[in-house]
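Heads up: the structure comes next, in structure tokens.
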Amino acid sequence: MAKSAMVVDLIPSSESALNVGSPKIWILEHIFIGSSSSTDGFDGIPGNTDDCTDVSGGSGLWSCQGYSGIQKYCYSNTASYCTTDGGLYEWAEAIQLPYNCNYTNYTCNGTTCVSTEHSPACDYPDPAATKRQGVCPIGWHIPSFVELQILAQNSDPGCNLDGGTCTTAGGKLKASPTSTPITWDGTNDYNFSALPAGRRLNNGSFLNRGSYALLWLSLPNSGNPINAWYGYLYSRVSNFYGLYDLRVYGFSVRCVQD
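Everything in the sequence shown is counted per this note's numbering, starting at 1413 for the first residue and increasing by one.
Okay, here's the thing in structure tokens:
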């Protein structure tokens, strides 16, 4: 398997891209498209009803990316972190659905993911069959669970993301101690350079920059109104996991070529 990056020209994005030995080509950097609190007065503070909505109707699941256009969070509300780390997006924002889709049950039938509470506004084509562009550049899309599994298995043959058996893939995909602009503790075998950009919680706090990489997938956790799937890498271990968590959290986005 080749370990050098394959660079392609992207329009309108300027990130480079990588083929890790499968038919899938991944953008090398975390996406940072969109307006942020540091540039347009969008403060993203839970409780400020002009900016944020409790999509759960009282349980504190605040969504603060309901403005028109693409919205992103920058870690600690610092613009420079969006440049180096990429933006952080709520799940509905990442796949470009209305903000209230962060709280709805989904049933995905191979053709459509149908929302129980907010149909048809939150319905969208099943990512198992149809690529979801979301916040990605034209010609790229938010990865499906299957595509993340392919990425993991090209690094760790035969492993299973949601079974916890991808025990070496994380180390090979993480940025290395000599990577820039953020160093990490991986070997970066394929120049994928997963960055520990951290996350934003639904209470407006930011955590785990330097420790966690959390990459949204286009798949909701069916039967659970608050969660969606993501890829997870973290410090000091070489594991790579497929997990699910709150859709209102702000996670990173990596895109796959159509």
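Note that CB positions come from ideal geometry on N, CA and C, so glycine has one too.
V1668 to G1583, Cα distance in whole Å? One Cα belongs to V1668, the other to G1583, and the distance between them is close to 20 angstroms.
Please say whether S1630 and H1553 have beta carbons closer to each other than 9 angstroms? Yes, the Cβ-Cβ distance between H1553 and S1630 is below 9 angstroms.
Quick check on this structure: which residue in Y1602, G1576, D1574 has the alpha carbon closest to the alpha carbon of A1587? Of Y1602, G1576, D1574, the residue nearest in Cα terms is Y1602.
State whether the stretch 1627-1641 contacts the stretch 1539-1550, with contact taken as three or more CB pairs (one from each stretch) at a distance under 8 angstroms. Taking a cut-off of 8 angstroms for Cβ pairs, the stretch 1627-1641 and the stretch 1539-1550 touch, as three or more such pairs fall below it.
If we call anything under 9 angstroms between Cβ atoms a contact, is L1473 one with N1614? The criterion of a C-beta distance shorter than 9 angstroms is satisfied by L1473 and N1614.
For a test of the three-state rule: what should DSSP assign to C1525, helix, strand or coil? DSSP, reduced to helix, strand and coil, places C1525 within a strand of the structure shown.
Straight-line Cα distance separating Y1644 from Y1656: Looking at the two C-alpha atoms, the distance is approximately 9 angstroms.
Can you grab the Cα-Cα spacing for the pair H1530 / N1512, in whole Å? Each residue's Cα considered, the two are about 8 angstroms apart.
Every unbroken alpha helix (DSSP H) within the stretch 1568-1598, with a cutoff of 4 residues, ordered by chain: DSSP runs (the alpha helix (DSSP H)) wholly in the stretch 1568-1598: 1581-1585.
Between the CA atoms of P1549 and P1569 - distance to the nearest angstrom: Rounded to whole angstroms, P1569 to P1549 spans 30 angstroms at the Cα level.
Of the listed residues S1567, K1484, G1469, nearest to G1616 (C-alpha basis): Cα-wise, what sits closest to G1616 is K1484.
How about W1438 and F1604: do their beta carbons lie closer than 9 angstroms? Taking 9 angstroms as the Cβ cut-off, W1438 and F1604 qualify as a contacting pair.
Given S1447, which residues of its chain have a CB within under 8 angstroms of its CB, disregarding the five upstream and five downstream residues? The answer, listed in chain order, is F1454, Y1479, G1481, I1482, Q1483, K1484.
Do W1596 and G1575 have their beta-carbon atoms positioned less than 9 angstroms apart in this structure? It is not a contact, given that the beta carbons lie outside the stated cut-off.
Helix, strand or coil for T1519? Go by DSSP, reduced to three states. Correct three-state label for T1519: strand.
For G1643, which beta-bridge partners are listed by DSSP? Partner(s): L1627, G1654.
Mind checking whether A1564 and S1650 have CB atoms under 9 angstroms apart? Their beta carbons are not under 9 angstroms apart, which means A1564 does not touch S1650 by this criterion.
Going by other Cβ atoms of all chains shown within 10 Å of its Cβ, with 16 needed for buried, is A1609 buried or exposed? Under this definition A1609 is a buried residue.
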